[in-house]
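**Student:** At the far end of the sequence shown sits residue 261, using the numbering used here, and the numbering has no gaps.
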Amino acid sequence: MTTMLTVDNLRVRYPTRTGVIEAVRGVSFTLGRERLGIVGESGSGKSQTGRAIMGLTPPHALVSADTLNFSGIDLLSISAKQRRSLRGKRIAMVLQDPKYSLDPVMTIGKQITETLRTHEKISKGEARDRALAMLEAVQIRDPGRVYDLHPHEVSGGMGQRVMIAMMLIAGPELLIADEPTGNLDTDTGRQIADLLFAQQAERGTTMLLVTHDPALAARCSRQIRVRSGEIENDSAQPRVNQAAIA
Numbered sequence: 016m017t018t019m020l021t022v023d024n025l026r027v028r029y030p031t032r033t034g035v036i037e038a039v040r041g042v043s044f045t046l047g048r049e050r051l052g053i054v055g056e057s058g059s060g061k062s063q064t065g066r067a068i069m070g071l072t073p074p075h076a077l078v079s080a081d082t083l084n085f086s087g088i089d090l091l092s093i094s095a096k097q098r099r100s101l102r103g104k105r106i107a108m109v110l111q112d113p114k115y116s117l118d119p120v121m122t123i124g125k126q127i128t129e130t131l132r133t134h135e136k137i138s139k140g141e142a143r144d145r146a147l148a149m150l151e152a153v154q155i156r157d158p159g160r161v162y163d164l165h166p167h168e169v170s171g172g173m174g175q176r177v178m179i180a181m182m183l184i185a186g187p188e189l190l191i192a193d194e195p196t197g198n199l200d201t202d203t204g205r206q207i208a209d210l211l212f213a214q215q216a217e218r219g220t221t222m223l224l225v226t227h228d229p230a231l232a233a234r235c236s237r238q239i240r241v242r243s244g245e246i247e248n249d250s251a252q253p254r255v256n257q258a259a260i261a
């Protein structure tokens, strides 16, 4: 299997007045055309791992790694402009709460088409058609109506479908899903997980799933990375590989 993403000894640190906080310590994994689950409790650094890959850590964060490579691109050495060109087009990230991730003053349709037109030179009409098709693909029943709504006018589950549509519309090679069902009720969360996995399989997109839910990670992945407290468990069951996410 061809390796798409290599992460070797990733560290994310935050200087403070009282010392340095180590948000991520020595995470290592490789990822090909597959799904990988990263599991850990709240505050364990799971999301920080995904944000470091995306280049979305705050400016004062200290990000280092022996290797942080995406499809032959050294993510630690490229410019901010090159990072922006990757985000959305080749690497995308679904965040856990659309209330805070979607722009409240822009319609859903405008946000999706803007994402697409940032990376492709297409007309407004073509962008609208593709956005409507994408909304339909994520099982939104009346895409034309939802296209003209604002984020506060849709439910949490529908908002997450919109986020998935927005992140998939430009055809990314790698999708990072950060607690995509974290703020949803059980039934809605199951529907969103099923939708996300189905879209990933249909499009052949590589997925990195970040979650606190081992059962969700087990459904998603043949490969799991997990950190439990301060001590790594070397007696893990088969197919569960340990990584230092602290």
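The C-beta atom is built at its ideal place from N, Cα and C for all residues, glycine as well.
Candidates P187, S86, V120, S170: which alpha carbon is nearest L134's?
**Tutor:** Position 119 of the sequence shown, counted from the first residue, corresponds to residue 134. Looking at the sequence provided, one finds His at residue 134 rather than Leu. When only C-alpha atoms are compared, the closest one is P187.
**Student:** Alpha carbon to alpha carbon, how far is A208 from V35?
**Tutor:** Here residue 208 refers to the residue found at position 193 of the sequence shown. Here residue 35 refers to the residue found at position 20 of the sequence shown. Going by the C-alpha atoms only, they are around 36 Å apart.
**Student:** For the pair the segment 63-77 and the segment 153-167, tell me if three or more CB-CB distances fall below 8 Å.
**Tutor:** Judged by Cβ distances under 8 Å, the segment 63-77 makes no contact with the segment 153-167, as fewer than three pairs qualify.
**Student:** Looking at D112: is its Cβ nearer than 8 Å to the Cβ of N198?
**Tutor:** What you label residue 112 is simply residue 97 of the sequence shown in a count that begins at 1. What you label residue 198 is simply residue 183 of the sequence shown in a count that begins at 1. Yes, the pair counts as a contact, with Cβ atoms nearer than the cut-off.
**Student:** Buried or exposed: which applies to L218, given that a residue is buried once 16 or more other Cβ atoms fall within 10 Å of its Cβ?
**Tutor:** Here residue 218 is taken as the residue at index 203 of the sequence shown, counted from 1. Note that residue 218 corresponds to Arg in the displayed sequence, not to Leu. That one is exposed.
**Student:** According to DSSP, simplified to helix, strand and coil, what is I207?
**Tutor:** Taking the sequence shown and counting its residues from 1, one reaches residue 207 at position 192. Of the three classes helix, strand and coil, the one that applies to I207 here is helix, per DSSP.
**Student:** Taking 8 Å as the limit between beta carbons, can you name the residues of its chain near P119, skipping five residues before and five after?
**Tutor:** Walking along the sequence shown from the start, residue 119 turns up at place 104. Closer than 8 Å at the Cβ level, and outside the excluded window around P119, lie H165, P166, H167.
**Student:** Among the residues of its own chain, which have a CB less than 7 Å from the CB of K127, if the five just before and after it don't count?
**Tutor:** Numbered from 1 along the sequence shown, position 112 holds the residue referred to as residue 127. For clarity, residue 127 is Ile in the given sequence; the question names Lys instead. Taken in chain order, the residues that qualify are A146, M149, A180, M181, I184.
**Student:** The alpha helix (DSSP H) spanning T128 covers which residue range?
**Tutor:** Locating residue 128 in the sequence shown gives position 113, where the first residue counts as 1. T128 -> alpha helix (DSSP H) spans 123-134.
**Student:** Just verifying my parser: in three-state terms, what is the DSSP assignment at I155?
**Tutor:** For the purposes of this step, residue 155 is identified with residue 140 of the sequence shown, where counting begins at 1. Three-state result, I155: coil.
**Student:** State the Cα-Cα distance for the pair K195 and L189, rounded to the nearest angstrom.
**Tutor:** Taking the first residue of the sequence shown as position 1, residue 195 is located at position 180. Taking the first residue of the sequence shown as position 1, residue 189 is located at position 174. One point to set straight first is that residue 195 is Pro, not Lys, in the sequence displayed. Taking the straight line from one Cα to the other gives about 15 Å.
**Student:** What's the gap between the Cα of R102 and the Cα of L131?
**Tutor:** For the purposes of this step, residue 102 is taken as the residue at position 87 of the sequence shown. For the purposes of this step, residue 131 is taken as the residue at position 116 of the sequence shown. Those two C-alpha atoms are separated by around 12 Å.
**Student:** According to the neighbour-count rule (16 or more other Cβ atoms, all chains shown, within 10 Å of its Cβ), is P74 buried or exposed?
**Tutor:** Indexing the sequence shown from 1 puts residue 74 at position 59. Exposed, because fewer than 16 other Cβ atoms sit within 10 Å of the Cβ of P74.
**Student:** With a CB to CB cut of under 6 Å and the five nearest residues on each side skipped, what residues in its chain are close to L90?
**Tutor:** Position 75 of the sequence shown, counted from the first residue, corresponds to residue 90. Once the five neighbours on either side are set aside, the close Cβ partners of L90 are L83.
**Student:** Given that a residue counts as buried once 16 or more other Cβ atoms are within 10 Å of its Cβ, and exposed if not, what is A216?
**Tutor:** Looking up residue 216 in the sequence shown gives position 201. Per the 10 Å Cβ criterion, exposed.
**Student:** Measure the CB-CB distance between V177 and G65 and report whether it falls below 8 Å.
**Tutor:** For the purposes of this step, residue 177 is taken as residue 162 along the sequence shown, with counting starting at 1. For the purposes of this step, residue 65 is taken as residue 50 along the sequence shown, with counting starting at 1. Result no, Cβ atoms of V177 and G65 do not sit closer than 8 Å.
**Student:** At which residues does the alpha helix (DSSP H) containing T64 begin and terminate?
**Tutor:** Stepping through the sequence shown from its first residue, residue 64 is reached at position 49. That run of the alpha helix (DSSP H) goes 61-69.
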